[in-house]
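Novice: Have a look at this one before I ask anything.
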Amino acid sequence: MAGQERVIGVDLGGTKILAGVVGRDGAVERRREWPTPVDSLESLLAGLDEAVEDLLGDGIAALGFGLPSRVDQRTGRAFGSVNIPLEDVDFRDRMQDRFGLPVGVENDANAATFAEWRCGAGREARNLAMLTLGTGVGAGFVLDGRLYRGWAEAGHMVVVHDGKPCRGACSGRGHLEAYCTGLAADEAARDEFGPAADSHRLVRLANEGDERARDVLAGIARILGSGIGSLVNLFDAERVVIGGGFGAAAFDHLVGPALEVARREALSPADEALEIVKAELATAAGLIGAGLVAFEALDP
Ligand SMILES: [Zn+2]
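Heads up, the sequence shown is in this note's numbering, so the first residue is 8 and it goes up one at a time.
This is how it looks when you write it as structure tokens:
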């Protein structure tokens with residue numbers, strides 16, 4: 008009864024582990040949450056084991072993990088995560104040995120993209136890009152009707168030559184991530200409205216019709232549009248899904264100016280077909296995507 012099979016999807020975040028039982032259609036049952044143990048790799052893996060064990064039962068056919076890391080799909084190895092002690096781990100082998108089930112592993116942004124494509128705002132697009140605008144910029148691609156399973160760091164695409172320094176460990180300048188995140192919006196809000204302002208207030212003011220707030224968000228959106236225009240030219244992306252905490256909250260203010268600039272930059276006929284849409288699955292995308300990755304491991 009292949010249609011009845013279920014898998015466990017685990018979305019590992021910097022502050023919480025989100026796990027659930029996922030069906031082939033992306034439906035989630037028994038969704039649970041645990042705090043992420045961050046003091047050592049051993050405690051982190053123990054926390055993931057506990058999440059899986061809590062959900063294991065009859066009919067669980069595979070496990071899928073979304074990790075905030077680069078993942079080498081040939082070896083199943085996870086490399087360097089920013090906020091958690093997961094570095095250079097043979098993650099897929101470790102979990103296969105531990106649980107004796109097929110295991111799929113994917114970068115968390117790729118997993119979320121997979122979920123939006125199969126079950127959310129990206130349905131039926133042949134070429135799709137997803138950008139999650141949160142603390143940073145996460146990105147993923149569906150190319151020619153398949154999830155691109157490599158490294159997709161579109162947040163570190165240059166959109167302003169020699170522009171603002173990027174954040175964290177990135178030594179680059181003028182990257183999308185320096186302009187189009189919630190943190191960048193916090194900074195822009197403070198510049199415009201004083202030290203007490205942040206991105207939440209900026210969006211609230213824009214919702215209330217404040218012209219200055221709308222202008223600030225339009226400025227962020229135009230830079231976003233430059234990046235999207237380049238993605239369209241590179242990958243013929245017909246649809247771009249915008250997610251993430253800031254991206255979803257500010258979407259209505261971002262979409263117009265972003266689309267205008269992206270269409271200006273994109274070559275014809277991709278410019279006319281381009282749609283920019285809001286993510287539909289919100290915080291469930293990573294968990295659902297991890298589940299879908301488990302099904303990929305089950306029937307590659
Ligand atoms: Zn960067």
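Positions of the beta carbon are idealized from the N, C-alpha and C atoms, including for glycine.
1. Near ligand 1, which residues have their beta-carbon closer than 6 Å to a heavy atom?
2. Start and end of the alpha helix (DSSP H) containing residue 120?
3. Are the CB atoms of residue 38 and residue 308 within a distance shorter than 8 Å?
4. Report the three-state DSSP secondary structure of residue 164 (helix, strand or coil).
5. Go through its chain and collect everything with a Cβ distance to residue 80's Cβ below 7 Å, but skip five positions before and after it.
6. Run through DSSP, which three-state label would residue 172 get?
7. Going by other Cβ atoms of all chains shown within 10 Å of its Cβ, with 16 needed for buried, is residue 259 buried or exposed?
8. Spell out a yes or no on whether the region 39–54 and the region 19–30 are touching, meaning 3 or more CB-CB pairs, one atom from each, closer than 8 Å.
9. Using 8 Å for Cβ pairs, my map puts residue 238 next to residue 247. What's the rounded Cβ distance?
10. Taking its Cβ as the centre, do 16 or more other Cβ atoms sit within 10 Å of residue 297, making it buried, or is it exposed?
11. In chain order, what residues of the same chain lie with their CB nearer than 7 Å to the CB of residue 47, ignoring the 5 residues before and after it?
12. What's the gap between the Cα of residue 110 and the Cα of residue 198?
13. Does the distance from the C-beta atom of residue 59 to that of residue 106 stay below 8 Å?
14. For residue 291, which of helix, strand or coil comes out of DSSP?
15. Label residue 273 either buried or exposed according to how many other C-beta atoms from any shown protein chain fall within 10 Å of its C-beta, with 16 as the threshold for buried.
16. Assess, as a yes-or-no matter, whether the region 146–162 is touched by the region 119–131 under the definition of 3 or more beta carbon pairs within less than 8 Å.
17. Hey, how far is the Cα of residue 219 from the Cα of residue 240?
18. Starting from residue 25 and walking both ways along the beta strand (DSSP E), at which residues does that stretch end?
19. Whole angstroms are fine: how far does the CA of residue 169 sit from the CA of residue 179?
20. Curious, which full-length alpha helix (DSSP H) runs of at least 4 residues does the region 69–123 contain?
21. In whole angstroms, give me the CA-to-CA distance for residue 8 and residue 75.
22. Taking the Cβ atom as the reference point for each residue, do residue 192 and residue 185 lie within a distance shorter than 8 Å?
23. Three-state secondary structure (DSSP) at residue 8?
24. Would the beta-carbon of residue 236 fall within 8 Å of that of residue 264?
25. Have a look at the DSSP bridge pairing and note the partners of residue 67.
26. Would you decide whether residue 18 is buried or exposed? Buried here means 16 or more other CB atoms lie within 10 Å of its CB.
27. What's the C-alpha gap between residue 281 and residue 167?
28. Please list the terminal residues of the continuous alpha helix (DSSP H) segment that includes residue 254.
29. Please return the same chain residues whose Cβ sits closer than 8 Å to the Cβ of residue 53, not counting the five positions on each side in sequence.
30. State the beta-bridge partners of residue 41 as determined by DSSP.
Specialist: According to the data block:
1. 163, 173, 177, 179, 182, 184
2. First-last of the alpha helix (DSSP H) with residue 120: 115–126.
3. The displayed coordinates of the chain run from 8 to 307. Any statement about residue 308 would go beyond what the structure contains.
4. coil
5. 156
6. strand
7. Residue 259 should be labelled exposed.
8. yes
9. 7 Å
10. buried
11. 92
12. Whole-angstrom Cα-Cα distance: 47 Å.
13. For residue 59 and residue 106, yes; Cβs fall inside 8 Å.
14. helix
15. buried
16. yes
17. Distance between the alpha carbons of residue 219 and residue 240 is about 32 Å.
18. 23–30 is the span of the beta strand (DSSP E), which, as asked, contains residue 25.
19. 8 Å
20. 98–106
21. Residue placement at residue 8 is poorly supported in this model, since its pLDDT is 42, which falls under 50; the coordinates are not used for a value here.
22. no
23. Low confidence applies to residue 8: its pLDDT is 42, below 50, so where it sits in the model is not reliable enough to give any reading.
24. In terms of Cβ geometry, residue 236 and residue 264 do not form a close pair [threshold 8 Å].
25. 13
26. buried
27. Their backbone Cα atoms lie some 22 Å apart in a straight line.
28. 252–272
29. 44
30. 24
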